[in-house]
Each structure stands twice: as structure tokens, then as C-alpha cells.
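Residue 120 in the numbering used here is what sits at position 61 of the sequence shown, and the numbering runs on without skipping anything.
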Amino acid sequence: MSIKIEKTAFSWILLGIAAQPFLSSSVQAASFGFGETAVETINYLAENLKGRSVGTQKEAETVAYLVQQLKGFGYKPTLQPFSYEWQGETLTSYNILAERTGTSGQQILLGAHYDNAPSSATLDRTNLEGVNDNASGVGVLLELAQRLEPETNNTIKFIFFGAEEIGLVGSEFYANSLSKQEIDDTLLMANLDSLVVGDKMYFNAGRGATEKPSWFRYRDLALEIAAENGIAAESNPGFNAFYPKGTGCCSDLESFDFLMPVLAAEATNWDIGAQDGFTQTSDPRVPNGRTWHDPATDNRKFINTIFPGLIEERTRNYTLIFDEFIDRVDAESVPEPMSLLGFATLGVGGLLLKRHQVKDS
């Protein structure tokens with residue numbers, strides 16, 4: 060039977076929203092330890108919204124839950140619907156958009172997909188918790204939205220992508236919806252996917268940085284912030300020629316790769332297996348070294364048994380780094396105070412050039 064997502068999603072938002080638990084508002088976020096909201100979100104998604112793949116009621120409930128949380132943080136989230144063909148049916152899913160409007164005319168995009176991998180002919184994923192892939196990214200992104208200051212220089216947009224697991228459908232739709240002016244005004248897109256299970260933390264740029272080396276600067280900034288906070292993080296060493304050094308792959312970042320600077324966060328191990336980032340860990344207790352899309356391993360019980368405390372550690376670290384990262388990037392395009400003489404010397408054209416130098420350098 061065909062499930063009409065466009066109906067179930069809105070019925071949940073309008074009728075069931077009061078039954079969902081609210082996280083604390085953004086006003087209180089600063090009093091929490093880094094990662095606390097992220098872990099709460101992971102636990103809620105894993106407990107109540109397992110099997111949240113395309114075309115399911117759980118997908119619709121996930122949309123409603125995230126909309127409600129964003130509203131609780133003071134945002135006015137909107138849904139961007141998109142339709143696609145999947146297993147002989149036409150389905151509709153949603154990207155969830157929330158923003159803090161700035162004054163600079165520039166914007167920063169931060170995204171994470173909320174859907175789970177769908178069941179296949181050989182594997183039932185209706186009970187897939189998707190703790191690592193990608194409740195972790197959703198939890199950190201939601202906490203970053205909660206922590207963001209009420210006033211920002213740049214517009215900060217939080218995008219929760221739908222239908223990533225069947226081919227980056229939601230992020231591709233969003234990227235294609237951007238005008239040339241919007242692309243030009245975007246400082247970067249940061250993608251958060253699968254942040255927990257993996258021997259190492261990584262920050263990578265998009266493939267576009269291989270053609271425009273200045274686009275590596277946001278990768279470098281993230282690594283710098285990690286080092287300053289005593290957090291070990293690396294970048295793809297490039298041992299596999301198909302995945303150039305310093306770049307990431309295989310998630311929603313690819314929809315933006317050649318449009319703008321990209322920063323991709325993930326936990327895995329690019330040094331082992333085929334050296335493509337697909338093998339996450341050398342720990343022999345993890346079958347085949349990976350948990351991707353497997354209900355038996357991408358769940359709280361397995362992860363907490365094999366890697367106790369890792370969910371809390373990784374969400375704390377990524378939240379801390381990205382919270383500081385957003386602050387620094389947002390401050391970069393703020394013009395420095397100038398004397399009247401300096402203003403007259405620089406001129407209006409010079410001020411405009413200064414405003415855009417972060418993007419164009």
C-alpha cells in the first residue's frame with residue numbers, strides 16, 4: 060500500500076505535536092554540557108523513531124519531532140517538499156529548514172540527514188535505530204541550533220535532509236533550488252554524518268577544494284579548533300587515489316561539492332580496509348569493521364557495550380568544535396572598526412571587497 064507522506068507528516072505536526080517531549084530552549088542551552096542535547100536526541104530517535112526510512116510513518120513522525128524541537132528553540136521551521144520515484148512508487152519527503160537571519164547578506168549552511176536506510180530483500184531494517192547513521196549528526200545539529208546566539212552577523216541555516224539513504228535526494232533537491240546569488244552569498248556548507256562509530260574523528264573538505272585550494276580553509280579551521288581543545292582529529296590521508304587527500308565523500312556534502320566550500324564531519328578510519336572511509340574500525344568485535352545500516356550493530360546496546368562512553372564523547376567533541384567554528388566564521392566577515400580617515404581612504408568599494416574576501420580568497 061502506498062503511504063502518502065505528505066498527509067501523515069502534516070497530521071503529526073498539527074495533531075500530535077503536543078504529545079512530543081520538548082528539549083530545553085536556547086536561552087538555557089549555555090548551562091548544559093556540550094553534547095547533552097545531542098545525546099537526548101539520539102536516545103529519543105533510537106527509542107521511538109527506529110526504522111525512519113523513506114515512505115514510512117516513522118519518517119513522518121521524525122519530521123514532526125524535529126519541527127517541534129526547532130519551534131521550542133524559537134525557530135520558525137519550514138518544510139521543503141520533494142517527490143521522487145522509489146521502488147515503483149512516487150513518494151514525497153521533506154527537508155526541514157530553520158534559520159537565524161543575520162545582517163551581512165552572507166550565509167552558512169549546516170546539514171544532517173534524518174532518514175535511515177530502508178529495508179532490502181535480504182535485511183529487515185524496520186527496527187534500525189540508526190544511532191551512528193545518522194541520529195548522531197541530527198543530535199549535534201539540533202544542539203548547535205539550540206546553542207546559537209540570538210543575533211548573528213551571517214544568516215545561519217540548519218537543514219535536516221530527507222531521503223539521503225536512497226541517493227542524496229533531499230540534499231540534491233535543496234542544492235538545485237539555490238539561485239546563483241544564494242550560492243555566491245554562501246560561505247560554506249558543513250555536513251554532519253555518522254559521528255560516533257569509528258577509530259578517529261575526521262574533518263574533510265569537498266572535492267571542489269582540489270580545484271580551488273582555498274576551499275580547504277574551513278577544514279583547516281575545524282582541525283585547528285580541535286587541536287586547541289585537545290581533541291584528536293584528522294583528515295583523509297588520500298591513500299586511496301579515488302578519494303583525494305583532505306576530501307570526504309559519500310554523504311550529502313556531495314550535493315554541494317563544486318558549488319561552494321564544504322566541510323564534512325564524520326567518524327571512521329580512512330587508514331584501513333579499502334582506505335575509502337567505509338571501514339570504520341579495526342576493533343575485531345565489530346563485524347567487518349563497520350556498523351553502517353545494520354540493525355544488529357547500529358544501536359545503543361551494541362555501541363555502548365563495545366565502546367562505552369563513546370556516544371557521549373563524540374557528540375560532546377563535535378558539538379564543542381562546531382559551536383566554536385560557527386562563532387569564528389561568523390566573526391570573520393565583521394568589518395574591523397576604522398577611523399574616519401581610514402574609512403575615507405578605503406572607500407565604499409574597499410569595504411565591499413573586505414566583506415566578501417572570506418568567500419573569494
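Where a beta carbon is used, it is the ideal one built from N, C-alpha and C, also for glycine.
Residues near residue i in its chain [Cβ-Cβ closer than 6 Å; skip 5 each side]
i	result
residue 334	298, 299
residue 366	none
residue 277	247, 320, 322
residue 249	169, 322
residue 251	171, 196, 199, 200, 324
residue 389	211, 212, 213
residue 293	259, 261
Anticipated Cβ contact below 8 Å, residue i with residue j, distance rounded
i	j	result
residue 280	residue 381	11 Å between Cβ atoms; not a contact.
residue 265	residue 316	4 Å
residue 374	residue 199	6 Å
residue 376	residue 370	About 11 Å separates the two Cβ atoms, so there is no contact after all.
residue 259	residue 328	6 Å
Under 8 Å between C-beta atoms of residue i and residue j
i	j	result
residue 170	residue 311	yes
residue 288	residue 263	no
residue 174	residue 224	yes
residue 155	residue 203	no
residue 261	residue 139	no
residue 188	residue 109	yes
residue 254	residue 326	yes
residue 347	residue 105	no
residue 307	residue 275	no
Secondary structure of residue i, DSSP reduced to three states
i	result
residue 68	Since pLDDT at residue 68 reaches only 40, below the 50 mark, its modelled position is unreliable, and the value read off the structure follows with that caveat. In the structure shown, residue 68 sits in a helix (DSSP, three-state: H, G or I).
residue 385	helix
residue 409	Low confidence applies here, because residue 409 scores a pLDDT of 35, under 50, leaving its location unreliable; read the following figure in that light. Three-state result, residue 409: helix.
residue 354	coil
residue 430	Residue 430 falls outside the range modelled here, since the chain spans only 60 to 420, and no answer is possible.
residue 263	strand
residue 369	helix
residue 150	strand
residue 306	strand
residue 338	coil
residue 185	coil
residue 46	Any answer about residue 46 is impossible in this case: the structure gives the chain only from 60 up to 420.
residue 378	helix
residue 360	helix
residue 112	coil
residue 344	coil
residue 275	helix
residue 121	helix
residue 269	helix
Close-in-space but distant-in-sequence residues of the same chain around residue i (CB under 7 Å, 5 per side omitted)
i	result
residue 244	164, 165, 166
residue 399	Low per-residue confidence applies at residue 399: pLDDT is 37, beneath 50, and the placement is therefore not dependable enough to give any value.
residue 143	150, 222, 228
residue 332	338, 348
residue 157	129, 134, 136, 204, 217
Residues that DSSP places opposite residue i in a beta bridge
i	result
residue 249	169, 322
residue 214	166
residue 155	138, 219
residue 293	261
residue 327	259
8 Å CB neighbourhood of residue i in its chain, flanking five on each side removed
i	result
residue 387	280, 284
residue 236	139
Proximity test, residue i beta-carbon vs the ligand GTP heavy atom, cut-off 7 Å
i	result
residue 242	Here there are no bound small molecules, and the ligand GTP is not part of this structure.
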